[in-house]
Structures are given as structure tokens and as C-alpha cells.
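Everything on this sheet refers to the single structure shown next.
Chains as they are written, first to last, in the numbering used here: chain A, 986 to 1439; chain B, 28 to 465.
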């Protein structure tokens, strides 16, 4: 077979075009028209639908009056990752989906207006917030993804001294490493990291808790700890052939597009993605845009069970991704490299542990698809060992918290983001940001009880 | 279905329809006259000719609202800056080419009898149908003792109109300025001089704004600014009121050609219901071109068919009699807001307008995960703010029969001496009639 597994490299200009941000920014004129279209609802449903409760009518009105700085402030005071959320929020499911215009007119482009205001903030380098007067308390945030950044920013605004521990080289978590480039360029995430830094938060990158710093030291040095661990890599499926060359972890694959020059990334001619969530869509659409000839998404359940957002599913289909539903992988075949994948047809039966209908194989329905590359997008690892070392209660790696305060079973430790989400819960940057805010409030309450209003 | 004929008669003139191009930038040249008449306009009031002038640049200003451009407009343009002889020649040609349309010529010269006599004679020699006297321009010309400098002094209005009437062999309309305390006085003054009709309103004194970067007023002419004439949709309510006042005055009794924010057949119909025989359009054409007359003709025809009006004369002035004094309004008339929940989108603008801005008669209730506005009927004073602000027109003011008959303030005062001076008497009367106030 030689090197024939590789898809032919696309011309540089095509690649360049394929990986620039899909949604263009609003022009000044578009923003003016769109912001004026907003009705300025009272007790607005969009604001209730936003997990971070951004005062959407207020920030849009400010765009209409030409007060862009005020607009950005309104966004950022509810959501310190407002620039990222403007790009990656599932707005159809949240703010825009609840817009009062929805039944009879186009909903207001809330996401793009938010981007308009936050783009101005970034371009003009506005410093909208100041650190609070020092309380003398020290807080550690473990993980620098959206939950950790949001928590750190809120705590810094309240005057606490915050240190973020990040095992990777760059901060930002999935916002930096895990968003497809054509949804958000990496610079936006790094700018948000910068803004947290500007509030006096210390970043200790390439420091993994449990390795470079012990859990013991963490708990004795800091007055409180916030765990915004996120989740780990994609766990193995436990089927034969997973170790063959050409089998990838979807997160590694997405990450490569954010850390390497696009033209250096290789992709197979025929690519099979295992799983049908949002990450699967990312891996599939990246493969296609890199030049893969045929991209398949294999999923053992049906359309109704898919965890991908509707707009992601539609996007994937528009990009020419083929969905093979009710199809489960049995084993990956090949000598050194992937050559084919053996699958089995499935059907749905009763509910499984996650509350979804379980897929069962139909005996004798096995078939083989020739394939050059397999990408696993079937969920993420949980950090069981670390949680046990920290002595916080968890359920199979999901940290149990008081949802009002973010507090874990260890009163000094708070948590939020993907690491506290139960099965089937919506995982999104905006939700992690809100968790960070809740955790910051909980920690502030713990550290300065006498100052609380109540 | 009735057969509709849009032609109108006014001041001895017959116009194929009530829509005229107003004196202004759209009526500056023969070229524009041709284009206007081709588009279907019934009349064309030639941009004011008269004394020599020079214009400045940056002469227009606009006001935007909610992203919508030029809801109000102003200008500091003066009368025609083209030589009189050129204008007169073109006017003659326009009339010759369009015998079935009206060519009216707007005039403004210095306040000398001889000068007025001369311009009137030279103008009517062109064969034009009528003359319109510009007593209205609020900027520039007024500083030279013309335009609104005449219109603001009733005695001058009478005097100059008399001079014109001495020389005029064709109908004379006088265009009034709204920049006066009582426009009826101006109208009576020109009636006294035996003018044939009134055009109103000219533009309103205005400054359009201040640029927040340069701090210059808008529009600005090399750093300087000043008041200009305000026009466009925003002035229509002012025009409607002033036209109705003149139409209602029994002493005036002159036909009116209405001007002020007309852009559609609806605007025209409203002016005509309040007493105008024809309407004139300037800003609307400046914004969208002569083509807007097509829907004015079309829309008015359809509306007239629906209403059973054969001729504009069937409805001209039909609403004038409804203009009354507050003291004669029925105080016992009561309406309450009602929300059509099939149409309500739960934007809650009615709620905040009522709660903060008016009478606290709407509450917000959480229902099925939504905040829903509910009218508190006992508290509703029927003010109508909610109906006005609702973006989907789902609120109506429904009449409530309180079985209190009809009673005006005048009647109440007559029947209850002292009620207009004494709060106790008022409270007793209210109690007796169960007259709720919030």
C-alpha cells in the first residue's frame, strides 16, 4: 500500500481558506442595524437563558448608542470569557433560541453582537477591571480552562491572591487547545488568559498537581482550592487494533490544528470517526477541510441520541460528512497501519446507566469498511487518582459539589466545569464560566464570612 | 365598487390628483419637472425664484432614530440660485409640455411693492397656473427681511399679499411659517388680503444636533452652524395640528395645500381628512425620488374604494369636526388595556412602561418558565402607553361600559360649582360616581 493512506495535500491557499474563522465579524453598519433591532425586553428571556446571565439587552443597547466600552464591560462583568463565548456558545440552544423574535422573525444575532463588542475590547486593549483591595487570602486554581480562569478573575476582582496551576505549556485549557480553528483562533483564548493575568493572577504552567506540586503542599499553602480540572484524553474503546498506527485521539487531532502549522498536519484519505458528539464533529470537519476524501462518523445509536448540538450536526452534514448510525466498531484491522474497520449493526433496547437507550449488536451483521485513519471521539478520561488524593467525594470521577457554592466534600476545595458534570449534562465554555463564578462566590464567602451581606 | 377619481379642485385650480411636488430642491429645474410629471405628480411648485442669492455647502442635516436614517431633516438651502431668466424660461416650457398638470411658482423678493408687481407679472407671463408666496423660509432669507420675517408679522402678510393681488391674474396661494405663536392669525391676515389659498407648513426652526467628536453643530459650514428648517416625517404631527386649526377657523375659510412630513398616501389622507385639499412633498422625494407618488396614487385609490369615496372631496375635511376642546371630551369614557396572548411575545415592554413610566397596572407573572405580563384591571387608568410600546400590536384598549353616561368637564363644572377650585368637592364627586384614579 505504501504511502497511499495519506490524503493528497491541499494547495496552501485552499488550506488557508479552510481554516480561517467561518463566521465573519459584523461590520459597523451590520452591528448598528442589528443592535437597533433588539427590542430591549424587560426581564429578557435571553438573559435568563444565558448560563452566565449576561445583561444582553443592556450590552446590545450600548452598541446602539455607540458606547462600545460600556457594552464590553457589561458582557465581561458577567462572563470573563465573553470573547470566546461570543464565538463558541451554542446560541441556538441558549440566548438566541429564547429570543422573543424567534417565533416570527430572525432572532437577534446576540453571539455576533457580543463578538463585535469584545473584538473592540481586544483591538483597543481596554482594561475594564481592577484587582480588588488585597484580602491577604491565597487561592489555588487547578486547571486554567474556562472554569479556572473565570474563578480566578472573579476572585482577583475581590482582592484574593490567586495562583493558577496548569500542567500544559499554555493556559486556557480546551479554549486554547480544543476549539477548532475555524470557530475561534487561538489568540482569542490567549488574550483572555492575558486579561486574567492583568488582574494579578499568577500562572504556573507546566506544573501538574500531584507531580510538580504535591496535593499536601497545595492544601497547606492555600486558603482555598478551586478544581477546574476538566477531563482527560479519550479513553481506549477496548477493541482490538486500537494501537495500530493511524488511530488517533480526537482531542490530540483537534489540538494539532491549534499548535502546528496546518500544512504539516496529515490526514487519511478515508477517515472514520468513532462517536457522534461535538468533538466528533470537530474531528470530522477538520479531516474534511484538510483534504480527506471520505469522512465517516460511526455511531452506535441514532440521531435522537446524539450529544452533538443540532447546528453542529447540520454543519457536519453540510461539510459532506457521512453518518453511519446504528453502527458499532468491533475491531480495527491492519498490519502496522489501519487498513479497515470491522463494524456491527446495532439496535436500541432499554435505558442504560446514562439514561440513554442502550445499543445492542445484531449478531451476524458484521461488515468491514476499508479505512486509512480512525479517530476516537467517545468521551474523556476522568482524574480518579487525583481526586482520591485530594480526598474529595466523586462519582466515577465526577466531583460531587454543592451546586449553590461549588463546594466539594472537602470544605476547602471547590470545583466546577466539565469535571463536575453528570452524564448527559450540557458541556460548554459558558457553563464552565458560570461554575467558576459560583465557585469564586463560594470561596469568597468561606474566606471573608463577616463581609457577606446576609 | 365605486369608481374613484382622484382629481381635486382648489382655489380655482384643477389637479389630476392631490399630490404636488413642494417648492424645494426637487423642484429646481425643468429636468426635474419632466421627471416628476412623468412619475405622476399632479402639481409642481417651482422652487422659489426671486432675489439673487448664493448657497453654502453642507446645507442639509438629518436626524436618525434607532438606526433609521433621516426621520427628521433640515436645510439651510436658500431659494433658487439660478438666474431668474433661466427659471422663467424653463417654467414656460414645463407648462407647455404638461398642460394637464399644475405648474405653480413660488416667489420671494424684497418687500417693495414695485418689485413684487414686477415678479408677479413676469411669472404669470410664463403661462404657469398659480403663484405661491413664500413667507416661510426660516433661515438666511429672513435675515434679509424676506421669508419668515414677513410670515411672522401678520400686517406684513396682509400688505405684501395685497400688493401681489393687485398684479395677479392667476390664483395666489400663500405659504405660511409655523414659527409663530398662533398660525390662525397669519391665515386670517392673508385671507384679509384676498389670497386664493394657503400652503402650510413651511419648515420649523431647528438645529439638528452637535457632533460629539468635533463639537460642531449640525449641519456645519466651515465650523459655523445655525438654525435651519425642520421637515420630514418627524414634523407631521405638528403640521396636522396647524392645518386642522386653520381648517377649523370659520374666519379663514380658504382651501389648504398641506406640507409637512408627507411620504405616503396615508400621510396625505390624514392631512386631507383634517382639511387639506392637496398635499405637497419635498423631503420624501429628496430621500426616495419622484417614484414615491406611484404608491401614493395607488394606495389612496384602494383606500377610497374601500371607504366608498368617489372623489377626494368626499373626505376632505371630514375629520375636522372632531377637533374639540378638552373641556368637551367625555370624562366618563373608560378604556382598559387587554392583551391578546396568542400574539404576545413576552418582551414585557408593556410591563416596564407601565410600572416605571406610567401607572403600575401591569404585573409580571412566571408561567411555564416565562415572565408574562398581566393587566391589573382595577388599577388600569386606560392611559394607552402599553398599547403604544407593544412591538407586536397585541394590546388593545377595550371600552368598558361604566353606565355613567356622557359627561364633559364643562358639564361637571356647571353641575358642581367650585369643583374646579376645591379638592374636597372633587373628592366627593369622585366618590359619588365611583370615579377611580390611580
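Virtual Cβ for every residue (Gly too), placed ideally from N, Cα, C.
May I have the straight-line CA-CA distance separating residue i from residue j, to the nearest angstrom?
| i | j | result |
| --- | --- | --- |
| residue 49 (chain B) | residue 443 (chain B) | 51 Å |
| residue 458 (chain B) | residue 423 (chain B) | 28 Å |
| residue 293 (chain B) | residue 331 (chain B) | 11 Å |
| residue 233 (chain B) | residue 245 (chain B) | 10 Å |
| residue 1438 (chain A) | residue 1423 (chain A) | Since pLDDT at residue 1438 (chain A) reaches only 47, below the 50 mark, its modelled position is unreliable, and the value read off the structure follows with that caveat. Answer to the nearest angstrom: the Cα atoms are 16 Å apart. |
| residue 1389 (chain A) | residue 413 (chain B) | 38 Å |
| residue 1160 (chain A) | residue 1268 (chain A) | 16 Å |
| residue 986 (chain A) | residue 1348 (chain A) | In this predicted model, residue 986 (chain A) has a pLDDT of only 44, less than 50, meaning its place in the structure is not dependable enough to derive any value. |
| residue 159 (chain B) | residue 106 (chain B) | 13 Å |
| residue 1415 (chain A) | residue 1319 (chain A) | 42 Å |
| residue 24 (chain B) | residue 74 (chain B) | Because chain B is modelled from 28 through 465, residue 24 (chain B) falls outside the range shown and cannot be assessed. |
| residue 1218 (chain A) | residue 1118 (chain A) | 39 Å |
| residue 439 (chain B) | residue 446 (chain B) | 8 Å |
| residue 347 (chain B) | residue 266 (chain B) | 14 Å |
| residue 406 (chain B) | residue 361 (chain B) | 12 Å |
| residue 1345 (chain A) | residue 1332 (chain A) | 5 Å |
| residue 992 (chain A) | residue 1115 (chain A) | 50 Å |
| residue 1077 (chain A) | residue 1296 (chain A) | 8 Å |
| residue 1018 (chain A) | residue 1322 (chain A) | 54 Å |
| residue 176 (chain B) | residue 373 (chain B) | 53 Å |
| residue 67 (chain B) | residue 56 (chain B) | 17 Å |
What residues from chain B crowd round residue i, counting only those whose CB sits closer than 8 Å?
| i | result |
| --- | --- |
| residue 1030 (chain A) | 373, 397, 398 |
| residue 1059 (chain A) | Here the premise fails: no neighbours, minimum Cβ distance about 18 Å. |
Going by CA-CA distance only, name the one from the options that's closest to residue i.
| i | options | result |
| --- | --- | --- |
| residue 990 (chain A) | A:1058, A:1358, A:1170 | A:1358 |
| residue 1397 (chain A) | A:1254, A:1211, A:1285 | A:1211 |
| residue 1083 (chain A) | A:1072, A:1073, A:1096 | A:1096 |
| residue 1042 (chain A) | A:1066, A:996, A:1092 | A:1092 |
| residue 1281 (chain A) | A:1289, A:1253, A:1425, A:1385 | A:1253 |
| residue 1328 (chain A) | A:1334, A:1372, A:1355 | A:1355 |
| residue 1038 (chain A) | A:1060, A:1279, A:1026 | A:1060 |
| residue 366 (chain B) | B:397, B:295, B:375 | B:375 |
| residue 167 (chain B) | B:212, B:127, B:86 | B:86 |
| residue 113 (chain B) | B:29, B:385, B:165, B:58 | B:58 |
| residue 211 (chain B) | B:116, B:184, B:404 | B:184 |
| residue 1402 (chain A) | A:1214, A:1337, A:1138, A:1360 | A:1214 |
| residue 364 (chain B) | B:337, B:397, B:401 | B:401 |
| residue 251 (chain B) | B:257, B:258, B:243 | B:243 |
| residue 285 (chain B) | B:277, B:335, B:295, B:276 | B:295 |
| residue 249 (chain B) | B:368, B:421, B:241 | B:241 |
| residue 1051 (chain A) | A:1105, A:1313, A:1124, A:1094 | A:1105 |
Please list the partners that residue i has in chain B, where partner means a Cβ-to-Cβ separation under 7 Å.
| i | result |
| --- | --- |
| residue 1026 (chain A) | 374, 375, 376 |
| residue 1017 (chain A) | 94 |
| residue 1021 (chain A) | 93, 94 |
Since residue i meets chain A, which of its residues come closer than 8 Å, beta carbon to beta carbon?
| i | result |
| --- | --- |
| residue 260 (chain B) | The contacting residues do not exist; residue 260 (chain B) stays about 17 Å from chain A at best. |
Since residue i meets chain A, which of its residues come closer than 7 Å, beta carbon to beta carbon?
| i | result |
| --- | --- |
| residue 391 (chain B) | 1028 |
| residue 379 (chain B) | 1027 |
Open item on the list: Residues of the segment 90-116 of chain B in Cβ contact with chain A at a cutoff of 7 Å, in chain order, please.
Closed with: Only those residues of the segment 90-116 of chain B whose C-beta falls short of 7 Å from the nearest C-beta of chain A are listed: 93, 94.
TODO: Specify whether the segment 1182-1192 of chain A and the segment 1410-1420 of chain A touch according to this definition: at least 3 beta carbon pairs, one from each stretch, less than 8 Å apart.
DONE: Look at the beta carbons and you see the segment 1182-1192 of chain A not touching the segment 1410-1420 of chain A: under three pairs across the two are nearer than 8 Å.
TODO: Taking a Cβ distance cut-off of 8 Å, strictly less, list which residues of the segment 1065-1098 of chain A are near chain B, in chain order.
DONE: Under the 8 Å Cβ criterion, the segment 1065-1098 of chain A contributes 1085, 1086, 1088, 1089.
TODO: Note down, in chain order, all residues in the segment 1102-1114 of chain A with a beta-carbon under 7 Å from any beta-carbon belonging to chain B.
DONE: Against chain B - using a Cβ distance shorter than 7 Å - the segment 1102-1114 of chain A contributes no residues.
Task: Near-chain A residues of the segment 237-250 of chain B (beta-carbon distance less than 7 Å), N- to C-terminal order - done: Contact residues of the segment 237-250 of chain B toward chain A are absent (C-beta to C-beta distance below 7 Å).
TODO: Note down, in chain order, all residues in the segment 413-425 of chain B with a beta-carbon under 8 Å from any beta-carbon belonging to chain A.
DONE: Listed by position, the residues of the segment 413-425 of chain B near chain A (Cβ gap below 8 Å) are 418, 419.
TODO: Answer yes if the segment 1231-1251 of chain A comes into contact with the segment 1367-1378 of chain A, meaning at least three C-beta pairs across the two stretches below 8 Å, and no otherwise.
DONE: Between the segment 1367-1378 of chain A and the segment 1231-1251 of chain A there are fewer than three inter-stretch CB-CB distances shorter than 8 Å, so the stretches are not counted as touching.
Task: Stretch-stretch touch, CB-based, cutoff 8 Å, three pairs: the segment 146-156 of chain B with the segment 168-182 of chain B - done: Using a C-beta cut-off of 8 Å, the segment 146-156 of chain B makes no contact with the segment 168-182 of chain B, since fewer than three inter-stretch Cβ pairs fall below that distance.
Open item on the list: Quick check: the segment 200-212 of chain B against the segment 222-233 of chain B, are at least 3 beta-carbon pairs closer than 8 Å?
Closed with: Taking a cut-off of 8 Å for Cβ pairs, the segment 222-233 of chain B and the segment 200-212 of chain B touch, as three or more such pairs fall below it.
TODO: Please determine if the segment 1281-1290 of chain A and the segment 1004-1012 of chain A are in contact, where contact requires at least 3 C-beta pairs separated by less than 8 Å.
DONE: The segment 1281-1290 of chain A vs the segment 1004-1012 of chain A: no contact.
Task: Segment contact flag, the segment 1097-1112 of chain A with the segment 1065-1084 of chain A, C-beta cutoff 8 Å, min 3 pairs - done: Yes: the two stretches touch, three or more of their Cβ pairs being nearer than 8 Å.
Open item on the list: I'd like to know if the segment 284-303 of chain B and the segment 319-328 of chain B are in contact, where contact means that at least 3 CB-CB pairs between them fall below 8 Å.
Closed with: The segment 284-303 of chain B vs the segment 319-328 of chain B: in contact.
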